[in-house]
Amino acid sequence: MSTAKLPRGEFRNPHPDPNTPAAGKVVEALLSTVQDAHRRFADPTPDDYALARLSLDELQTRLIERTLTMPHLVEARIRLTVRASLATHCLTAFPYTDALEHAQRYQQLLDTSSTPSTLLEQYPLFGLVFSVKDCIHVQGFATTLGCSSRAAPVEPHTAEIVHKLRTLGGIMIAKTTAPQLMMHNTTHSPLWGTTRSPISSTEAEEDEFQVGGSSGGEACIVKMGGSQLGVGTDMGGSVRQPACLAELVGFKFVATPAGFRWHLPEDFMTGLPHTTVPATAPGLLARDMSTVRRAVDALEGSQASPAAWPRILHTSQYGSPEVSALIAHLVGALGDEGVQCDELGEVDAREWETAWMEHATQHGFAAARQMLATDPLIARTMFDESRLSGSSWPPHPTRLAELKQSLHARVGTDMLLTPTYILGGPVRSAAFAQLDSRHAEVWCQIMNLLDWPAVSIPLSNLRRHTRTALIHRDDEWSHFSPGMLAPDPIEGGEARLPVLSIQLVAPPGQHQALLDFAQRIAQIEL
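Numbering (our numbering), first residue to last: 637 to 1162.
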């Protein structure tokens, strides 16, 4: 088996002869389900795209005003999910008939309710259609980790975050792809093949963009409107990096949220089941900040929004010239609003990356070897250096503690503004590989080692002249430029420059204030 890359739009098994026959049946069953949905519901309509542009608040208003029904909404999501599957190969399960049944039950509740506002109090996420990353358990579905050996057995229990989203009114539409064993920053596996980016160029159709990972399947389905909220995991940027590459909001909780249980292996699984540092945190992806905030409030309980801006420390270290200019421009705009912004100073990326790898791999890979069974190992994972050693080895005894102490002393209780990804947005696959050695995601890795909440914010309110002025034209960086992109798959319009993102971070306990200020930043017209 290889990590085959299927042409967009094809219904075909990427690996028709897997080592485990049962795995082949699982993949074929998914493809059959997608085909059945396509035959039944056909292609997305203009109304479907219009619905996908709405926030959860706006959808709930239409549902309450009876200008939209739940079955109509879910049918639109089904058509958009089929399109996402065809274009990007991002699914591992597609229980669309279950989603329709839930939609009909919710519609009956709405039709018989004399006070719809009371219904929203009971189900605050009424109208939310969400998807779940492959590694998160859902009863009755396999948690495959991209491994043939895990494709057939189904999970007996559901992760608490999924259970809570359902209890709060959400409807699950799909499970989505992740890399083999969760140990890669792109999304491909011998079982499911390569997940392709929803981003494309207007300049050269053969240029492939990178979807990122490990929550790459979630980024695809959310970007293309099949799901309004993606539920992923983040160990070193695995929610924030693919969100950034797909111009989405990407939020990382802490690894022990107050509002719901998040334990390994009860709620999720990885190829490193004994690793707790760096922290594997749950995370959310969406096309808009308000929907993420609504989901977090429902899961964790809402809090009053702080009135005053906090002090913000900022850095553009390990960002491209374009990202550095964006951060400088944003800091200037925040200063005009009276926000105190100060330079963080430099950090040593190599020390942080070494600490991240030491702790991630300290228990060896015996569990991963068992999960792999006879599947081939994909290229460029964190296993490459150790050759799948089953041995354990301790990390440096003081390195991480010293790094954390140093950064804690500088940041204190302030918020931190950093690059999310070195280019700040969509990246061609060739450039992605070349930039991997330039500390491209180090600020994401640092936040997992600290276990602080963080959010990647797409800054879509840049004026045209501002966005054009940010473009880097020096020889060193210009060949990494993604160029002009095709119109957004939901928004439509004309060819455009990529939307750039930055990361905002807060100490633990301030995640709701973090999202409030992130929403304010996203709304600033720059």
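A virtual CB, placed ideally from N, CA and C, is assigned to each residue, including glycine.
- Taking LEU1059 as the centre and dropping the five residues before and after it, the same chain places the C-beta of SER956 closer than 6 angstroms to its C-beta, in chain order.
- Three or more beta-carbon pairs separated by less than 8 angstroms are not found between the region 828 to 845 and the region 862 to 875, which leaves the two stretches without contact.
- In this structure, VAL774 sits near THR794, with a CB-CB distance shorter than 7 angstroms.
- Sequence-distant partners of PRO707 (beyond 5 residues in either direction) whose C-beta falls short of 8 angstroms from its own C-beta, in its chain, are LEU736, ALA739, GLN740 and GLN743.
- For ILE1138, the enclosing beta strand (DSSP E) begins and ends at 1137 to 1141.
- Counting only residues of its own chain and dropping the five nearest sequence neighbours on each side, PHE1116 has a CB closer than 6 angstroms to the CB of ALA1067.
- As for any beta strand (DSSP E) of minimum length 3 sitting wholly inside the region 920 to 968, the runs are 948 to 950, ordered along the chain.
- If the five residues before and after ALA1003 are omitted, its C-beta is found closer than 6 angstroms to the C-beta atoms of PRO909, all from its own chain and listed in chain order.
- By the C-beta criterion, the region 844 to 859 is judged not to be in contact with the region 1032 to 1044, since fewer than 3 inter-stretch pairs fall below 8 angstroms.
- Boundaries for GLY853: no beta strand (DSSP E) harbours it, while the alpha helix (DSSP H) harbouring it runs 852 to 859, taken from the DSSP string.
- Shortest Cα-Cα distance from GLU883 to any of THR1054, PRO1089, PRO1094 and ARG1100 involves PRO1094.
- When C-alpha distances from GLN1081 are compared across HIS674, GLY873 and ILE1126, the shortest belongs to GLY873.
- Partner residues in the beta bridge of PRO1094, as assigned by DSSP, are SER1137.
- Judged by their CB atoms, PHE845 and ARG1016 are not nearer to each other than the 7 angstroms cut-off.
- Annotation for CYS880: the continuous alpha helix (DSSP H) segment containing it runs 876 to 881.
- Between SER691 and ASP1072, the gap from beta carbon to beta carbon reaches 7 angstroms or more.
- Here the alpha carbon of TRP945 sits roughly 7 angstroms from the alpha carbon of PHE1153.
- Secondary structure at ILE714: helix, using DSSP grouped into helix, strand and coil.
- Straight across, the Cα-Cα distance linking VAL798 with PRO682 is about 30 angstroms.
- Where THR794 is concerned, there is no enclosing alpha helix (DSSP H), because DSSP gives it neither an H nor an E.
- Annotation: the continuous beta strand (DSSP E) that includes GLY886 extends over 885 to 888.
- Here the C-alpha atom of GLU1161 lies approximately 5 angstroms from the C-alpha atom of ASN1097.
- Judged by DSSP secondary structure, MET808 falls within the beta strand (DSSP E) whose first and last residues are 807 to 812.
- Between GLY1119 and ALA1105, the alpha-carbon positions lie close to 14 angstroms from each other.
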